[in-house]
Amino acid sequence: MAQHNDLGKKGEEMAVTYLEEQGYEILERNYVYQKSEIDIIARIGNVVCAVEVRTRSSVDFGLPEETVKSKKINNLLQAVNAFAEDLEDEVEFRFDIIAIVKNGESFDIKHLPDAFYHF
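0 is the number of the first residue of the sequence shown in numbering that gives the first Met the number 0; add one for each residue after it.
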């Protein structure tokens with residue numbers, strides 16, 4: 000597996016651990032609908048979060064969260080709509096980004112709730 004794929008998988012594992020430590024329940028990982036994928040679907044209280052994880056080895060080419068473009072957002076919307084059809088509860092949905100940057104031997108994790116409102 001390519002090194003960037005390994006880094007991405009490690010980032011997703013770190014994001015799951017982070018969310019669980021914050022009290023989120025992980026509902027799905029790598030949820031696929033047609034050509035769209037949601038990295039993590041998590042729930043906290045009455046809010047279900049579609050979480051896009053972006054992991055980078057540096058910020059030389061920009062911040063990880065800046066790489067989530069409108070096409071990805073549209074794909075996430077389609078996938079969330081499909082996921083929501085299967086839910087029996089009345090819940091709120093939001094879209095989060097977890098941005099992870101390698102910093103030497105450690106990683107910096109930034110959680111952006113309601114991330115699409117920040118762009």
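Backbone N, C-alpha and C define an ideal beta-carbon position, used for all residues, glycine too. Every value quoted in this text rests on a predicted model; they were computed, and no experiment measured them.
Reduced DSSP secondary structure (H/G/I, E/B, other) of residue i
i, result
"Lys68", "coil"
"Leu18", "helix"
"Asp38", "strand"
"Val31", "strand"
"Leu26", "strand"
Paired residues, beta bridge with residue i - DSSP
i, result
"Leu111", "Ile96"
"Asn102", "Ser105"
"Ala49", "Ile40, Phe94"
"Ser11", "In the sequence on display, residue 11 carries Glu and not Ser. Glu11 pairs with nothing; no bridge assigned."
"Glu87", "In the DSSP output, where bridge partners are listed per residue, Glu87 has none listed."
Own chain residues within Cβ distance below 6 angstroms of residue i, not counting five before or after
i, result
"Ala78", "Tyr32, Ser35, Ile37"
"Glu27", "Ile40"
Below-9 angstroms beta-carbon distance, residue i vs any chain D residue
i, result
"Phe106", "Among the protein chains of the structure shown there is no chain D, as only one such chain exists."
Integer-rounded CB distance, given that residue j should sit under 8 angstroms from residue i
i, j, result
"Val50", "Ile97", "6 angstroms"
Own chain, CB closer than 7 angstroms to residue i, minus 5 neighbours either side, in chain order
i, result
"Ile108", "Met13, Tyr17, Ile97, Ile99"
"Asn29", "Glu36, Asp38"
"Asn45", "Val90, Glu91"
Own chain residues within Cβ distance below 8 angstroms of residue i, not counting five before or after
i, result
"Gly15", "In the sequence as presented, Gly is not what sits at residue 15; that position holds Val. Around Val15: Ile25, Arg28, Ile39."
> Per the contact definition of three or more C-beta pairs closer than 8 angstroms, is the segment 70-81 in contact with the segment 20-29?
Replying inline: no
> Between the segment 94-102 and the segment 53-60, are three or more C-beta pairs nearer than 8 angstroms?
Replying inline: yes
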